[in-house]
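Novice:
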Amino acid sequence: MSLAEPTAPGSAVYTVALTSDATGHSWSGTEKISFANPGHAPISEFWIRLWGNGVTGCVGSPPERISALIGGRIAETTENCTAYRIVLDTALAPGARGEISFGLAIDVPVRQDRFGVNGVDTYLGNALAVLAVKDENGWELPPYVAFGESYYSLTADYDVTLDHPAALQVPSSGTVVGETPVGDRIVTHITAAKVRDFSWSAGAFNHDHMVTASGVTVDAYWPNSESDSRCRELMRYAADALESYGVRFGAYPYPRFTIVFDEFGSAFDGMEYPNYVLASAHAGAVAHEVAHQWWFALVGDDQYRHPWLDEAFAEYSAERFQGGVTPAHGCDWIAADERMDVGMDVFERAGDPLYHDAVYHEGTCMLYDLEDTIGRDAMNRLLHGLVDRYAYGVMRPQDVRALAAEVSGKDLSAFWARWRNAGD
Numbered sequence: 000m001s002l003a004e005p006t007a008p009g010s011a012v013y014t015v016a017l018t019s020d021a022t023g024h025s026w027s028g029t030e031k032i033s034f035a036n037p038g039h040a041p042i043s044e045f046w047i048r049l050w051g052n053g054v055t056g057c058v059g060s061p062p063e064r065i066s067a068l069i070g071g072r073i074a075e076t077t078e079n080c081t082a083y084r085i086v087l088d089t090a091l092a093p094g095a096r097g098e099i100s101f102g103l104a105i106d107v108p109v110r111q112d113r114f115g116v117n118g119v120d121t122y123l124g125n126a127l128a129v130l131a132v133k134d135e136n137g138w139e140l141p142p143y144v145a146f147g148e149s150y151y152s153l154t155a156d157y158d159v160t161l162d163h164p165a166a167l168q169v170p171s172s173g174t175v176v177g178e179t180p181v182g183d184r185i186v187t188h189i190t191a192a193k194v195r196d197f198s199w200s201a202g203a204f205n206h207d208h209m210v211t212a213s214g215v216t217v218d219a220y221w222p223n224s225e226s227d228s229r230c231r232e233l234m235r236y237a238a239d240a241l242e243s244y245g246v247r248f249g250a251y252p253y254p255r256f257t258i259v260f261d262e263f264g265s266a267f268d269g270m271e272y273p274n275y276v277l278a279s280a281h282a283g284a285v286a287h288e289v290a291h292q293w294w295f296a297l298v299g300d301d302q303y304r305h306p307w308l309d310e311a312f313a314e315y316s317a318e319r320f321q322g323g324v325t326p327a328h329g330c331d332w333i334a335a336d337e338r339m340d341v342g343m344d345v346f347e348r349a350g351d352p353l354y355h356d357a358v359y360h361e362g363t364c365m366l367y368d369l370e371d372t373i374g375r376d377a378m379n380r381l382l383h384g385l386v387d388r389y390a391y392g393v394m395r396p397q398d399v400r401a402l403a404a405e406v407s408g409k410d411l412s413a414f415w416a417r418w419r420n421a422g423d
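Residue numbering for the sequence shown follows numbering that gives the first Met the number 0, starting at 0 and increasing by one per position.
(1) Kindly give me the distance between the Cβ atoms of VAL194 and ASN274, rounded to whole angstroms, as I take these residues to be in contact under 8 Å.
(2) Count the other CB atoms, across all protein chains shown, that sit within 10 Å of the CB of ASN420; report buried if there are 16 or more and exposed otherwise.
(3) Three-state secondary structure (DSSP) at ARG96?
(4) How many angstroms separate the CA atom of ASP239 from the CA atom of VAL246?
(5) Quick one: what's got a C-beta closer than 7 Å to ALA3's C-beta in the same chain, skipping five residues either side?
(6) Between which two residues does the beta strand (DSSP E) carrying ALA334 extend?
(7) Helix or strand or just coil, what does DSSP make of GLY299?
(8) Please confirm whether ASP183 and ALA203 have their CB atoms less than 7 Å apart.
(9) Are the segment 33-51 and the segment 114-129 touching by the rule of at least three beta carbon pairs closer than 8 Å?
(10) Taking only runs that begin and end inside the segment 349-377, name each unbroken alpha helix (DSSP H) of 4 or more residues, in chain order.
(11) According to the neighbour-count rule (16 or more other Cβ atoms, all chains shown, within 10 Å of its Cβ), is GLN397 buried or exposed?
(12) Do you know how far the Cα of ILE333 is from the Cα of TYR157?
(13) Alpha carbons only, please: which of LEU87, PRO61, LEU91 is nearest the one belonging to LEU103?
(14) Thinking C-alpha only, which one of MET343, GLY342, ALA311, ILE373 is nearest HIS360?
(15) ARG388 by DSSP, collapsed to three states: which one?
(16) What's the gap between the Cα of ALA413 and the Cα of SER10?
(17) For ALA90 and ILE99, I'd like the C-alpha separation in whole angstroms.
(18) For LEU369, which of ARG338, ASP112, ASP410, ALA349 has the nearest alpha-carbon?
(19) Strictly by DSSP, which residues pair up with TRP138?
(20) Only counting runs of 3 or more residues, tell me where the beta strand (DSSP E) segments fall wholly within the segment 210-234, in order along the chain.
(21) Can the beta-carbon of SER152 be found less than 7 Å from the beta-carbon of TYR143?
(22) Which residues bound the alpha helix (DSSP H) around GLY283?
(23) Three Cβ pairs or more, each shorter than 8 Å: is that satisfied between the segment 286-296 and the segment 306-326?
(24) Note down, in chain order, each residue of its chain lying with its Cβ closer than 7 Å to the Cβ of VAL386, except the 5 sequence neighbours on either side.
(25) Which value, in whole angstroms, describes the spacing of the CA atoms of VAL169 and TRP199?
(26) Under 8 Å, with one C-beta from each stretch per pair, do the segment 106-122 and the segment 256-264 reach the 3-pair mark?
(27) What's the C-alpha gap between GLY391 and GLY137?
Shown next, in the form of structure tokens:
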């Protein structure tokens, strides 16, 4: 990731301790964010994101609330209470580490959503406060979007303790390093190193697990409404996908991968998080969400500014894993002014159908065409090279174009222009 001189916190460590109510729908406790100043000038302020407020905003009592901030003060709140500007009590000197801590209360709303109570099960996607990113465009503070994603965060380490009823499972990012029974509750201790976010679920899920040939533990969870045999079959399918993608892109670098099967109606078929995904119980959703472990989780991108980067690569990867030799969807643009190289601000105005066509359908078609244009071997070098260069970092559109030209020895300017994908 090539950025201007850093003026924002980096090398973050998140320490979280939360306790749930009897249902797992509400959580409260503390969050501490430790961070370094990687630049040559003092840091006096920065932004954090609290994405759980994205749908309802600041009206009434927001689903997520910060209190008792230590180490700084909240100077400004914007983007429907998803962005908080923090001014430090004492400016952080270059090379030094600092921290803030605060109380965090989460009341998950009832809705079929990545952050919602679906039936009796609770999904806490993007529920923790995370540092916003400052890059060559300045502070990235996009609004929440109802479809697609706005998320953009840098890799960090997480140490999370969840105190919950023993009857509830808490599938999550990271690896469980301890479970301590306390009466009718369990305190689950989870760590996750070098991940972009930490998310979890809470429910009386069924559970099974297996270990892949390369030693990754795959944990699968599902509610009683899902078929046991089907979910176990898809657990094995997810394990096969991890192995296949690992050969083509580079090995999955984490010890655990967790998948939760459930149905979310028209809201979505799946949702990606580091080491952990939600997926409808069908093969296409599983293949796509597992692919996101490389395209978004490992190789990061700005999902609001460049939504095609992770979605097109994930869908292309999934189709190829499922045996596709040509795109599963038509490759005809549905609008004359439709483009791939635009952000979620444009797609929100244009609507979900145009977003899905440009990012998923045309994006997948473009990558099939790129493979045909540069050859299978060069395409494999491109994919492996992107992971080698940008793992744990952030990939930009220009990075993809530059490496595609490098591995193929071709001038691909006309190719990108033809696919309406020449902008950065």
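Beta carbons are placed, not taken as given, at the ideal position from N, Cα and C, and that holds for glycine. None of these values were measured; they are calculated from a predicted model.
Specialist: Checking against the coordinates, here is how it stands:
(1) 6 Å
(2) buried
(3) strand
(4) 11 Å
(5) Any reading at ALA3 needs caution, since the residue's pLDDT is 44, under 50, leaving its predicted position unreliable; the model's value is listed next. Here the set comprises GLU135.
(6) Careful: ALA334 lies outside any beta strand (DSSP E) and carries neither H nor E.
(7) Of the three classes helix, strand and coil, the one that applies to GLY299 here is strand, per DSSP.
(8) Contact: no.
(9) Touching, per the Cβ criterion.
(10) 351-354, 362-373
(11) exposed
(12) TYR157 and ILE333 have their C-alpha atoms spaced approximately 43 Å apart.
(13) PRO61
(14) Cα-wise, what sits closest to HIS360 is ALA311.
(15) The three-state secondary structure of ARG388, taken from DSSP, is helix.
(16) 39 Å
(17) 12 Å
(18) Selected option, being the one with the closest Cα: ASP410.
(19) LYS133.
(20) 216-221
(21) no
(22) GLY283 -> alpha helix (DSSP H) spans 282-290.
(23) Segments in contact, yes.
(24) PHE248, GLY249, TRP293, LEU297, VAL298
(25) 6 Å
(26) yes
(27) According to the sequence shown, residue 391 is Tyr rather than Gly. When rounded, the distance between both Cα atoms is 20 Å.
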